[in-house]
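Participant:
In the numbering used here, the protein residues as written are 1 to 453.
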């Protein structure tokens, strides 16, 4: 059992519902001498409507209200947050700068992520996972990003894209073979982007053909900007099985590292999230057995879009965690160490206003993130909410991390601290899993559909 699982199990009884009943004396109508049941005014034998109300609803109608903050966590989620925060600060933080300089994830740290249960957050317990909810995954992603966004994105892609795809569309055999590995020792990677196919997924050129034997498939082509490539042993690859059908020919396949014809051609050297591996992948007539088909033929594009919509909440959480980490790193310095003109820099009103404004923006971004996560869990349409969360959280991360560098002065500009790293890491938020312009397109289309008569 993972350390994370043990920490969560220590909670006596999770509070799964966010709502609490209001006080018994709460009443929205006037108090008068003639009262019927539940205090409703009786006039001429009929209940009188409440003031400023178009309905005769009574107190019982308010039972479904949720008078708690959007960012409220259940006891289980709060235990998760505490456990991940402790792990991030005790285990990840001491290695963050070294991994950034080496541009490589520490293999020992990856093993510890599995040991902590952070790589199988939503995988059912029967397959060796933690069996927790989507918001718990978001909490973990955010807490890791407060310390090192590179580690956060490894966990994010593995949980929100790879694990989710197998849980949702994998056959019983595929789940049996791979979910236990994804929960305990095998990193996953999501291979969609190509040199000519980034925002325009319709332009995907990797081809799938049926094997000569008639059983299975062969994949040929190349993928670009693939996260977790170096660490992964499990790859979800999207290829077009029938180009004549356009995007309706796109199909998802599972490919394992070491398959003949599968190779990592190049590891990118990046501005930020340097410890996260981003690579070019070549597929040279890679044979895929029929049992490694993920879902149904021709459904890959639909799967990818659904996964990316969910994944954007994860990226938004990464950005809010990054912003908060940068903010905390800087304010600890300006409120405790850095002095100018005889007093701490953080005591100047101009600085205090910037600090307050930045924290307010972080809080607003977090509200968008957790609202989107809760709507997804409730089975509501969350696509616009996910796009707004990713758009705004990425903007906030860029602004706040940039200000953090300035607040710290020279110490923010050098590699001795983490301020400049947070700023570099923030730039990817407006790019991957859908650029900011793509998010704006999604938001605008959703609004137009809602408001067009």
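The C-beta atom is built at its ideal place from N, Cα and C for all residues, glycine as well.
1) Kindly confirm or deny that the stretch 306–314 and the stretch 425–437 touch, where touching means at least three C-beta pairs closer than 8 angstroms.
2) Give me the Cα-Cα distance between residue 81 and residue 117, rounded to the nearest whole angstrom.
3) In the DSSP assignment, what are the bridge partners of residue 188?
4) Starting from the Cα of residue 140, find the closest Cα among 382, 417, 322 and 424 and give me that residue.
5) Along the chain, where does the beta strand (DSSP E) containing residue 217 start, and where does it finish?
6) Should residue 279 and residue 226 be called a contact, given that it needs their Cβ atoms to be closer than 8 angstroms?
7) DSSP has residue 240 in a bridge; who is on the other side?
8) For the alpha helix (DSSP H) holding residue 68, just list the boundary residues, first then last.
9) Restricting to runs no shorter than 4 residues, where is the alpha helix (DSSP H) found entirely within the stretch 297–369?
10) Helix, strand or coil: which one does DSSP assign to residue 121?
11) Thinking residue 369 and residue 320 are a contact (beta carbons under 8 angstroms), I'd like their distance in whole angstroms, please.
12) Looking at the strands, I want to know which residues DSSP matches up with residue 266.
13) Determine the DSSP secondary structure at residue 103, reduced to helix, strand or coil.
14) Thinking C-alpha only, which one of 268, 114, 244 and 416 is nearest residue 230?
15) Cβ atoms of residue 190 and residue 234: under 8 angstroms apart, would you say?
16) Please state whether the Cβ-Cβ distance between residue 298 and residue 221 is less than 8 angstroms.
17) Leaving out five residues before and five after residue 159 in sequence, what residues of the same chain have Cβ atoms less than 6 angstroms from its Cβ?
18) Alpha helix (DSSP H) containing residue 392: first to last residue?
19) Counting pairs of beta carbons, one from the stretch 392–399 and one from the stretch 322–341, are three or more of them closer than 8 angstroms?
20) Can you tell which of 288, 424, 168 and 215 has its C-alpha closest to the C-alpha of residue 255?
21) Give the range of the alpha helix (DSSP H) segment to which residue 202 is assigned.
22) Tell me the residue span of the alpha helix (DSSP H) that contains residue 428.
23) Who are the near neighbours of residue 57 in its chain, counting only those whose CB is closer than 6 angstroms to its CB and skipping five residues on each side?
24) Report buried or exposed for residue 362, applying the criterion of at least 16 other Cβ atoms within 10 angstroms of its Cβ.
25) Is it buried or exposed for residue 392, if we count other Cβ within 10 angstroms and need 16 for buried?
26) Is it the case that the Cβ atoms of residue 238 and residue 300 are separated by a distance below 8 angstroms?
27) Would you tell me roughly how many angstroms separate the C-alpha atoms of residue 447 and residue 453, rounded to the nearest one?
28) With a cut-off of 8 angstroms on the beta carbons, I'd call residue 100 and residue 274 a contact; round off their distance for me.
29) Would you mind working out which of 204, 334, 206 and 161 sits nearest residue 188, comparing C-alpha positions?
30) Based on Cα-Cα distance, which residue from 72, 270, 111 and 224 lies nearest to residue 185?
Facilitator: Let me spell this out:
1) yes
2) 13 angstroms
3) 234
4) 322
5) 217–227
6) yes
7) 207 and 250
8) Counting along the chain, residue 68 falls outside any alpha helix (DSSP H), and DSSP gives it neither H nor E.
9) 300–334
10) coil
11) 6 angstroms
12) 280
13) coil
14) 268
15) no
16) no
17) 121 and 137
18) 383–407
19) yes
20) 288
21) Residue 202 -> no alpha helix (DSSP H), and no H or E assigned at all.
22) Element bounds for residue 428: n/a, residue is neither H nor E.
23) Since pLDDT at residue 57 reaches only 45, below the 50 mark, its modelled position is unreliable, and no value is offered.
24) buried
25) buried
26) yes
27) 12 angstroms
28) 5 angstroms
29) 161
30) 111
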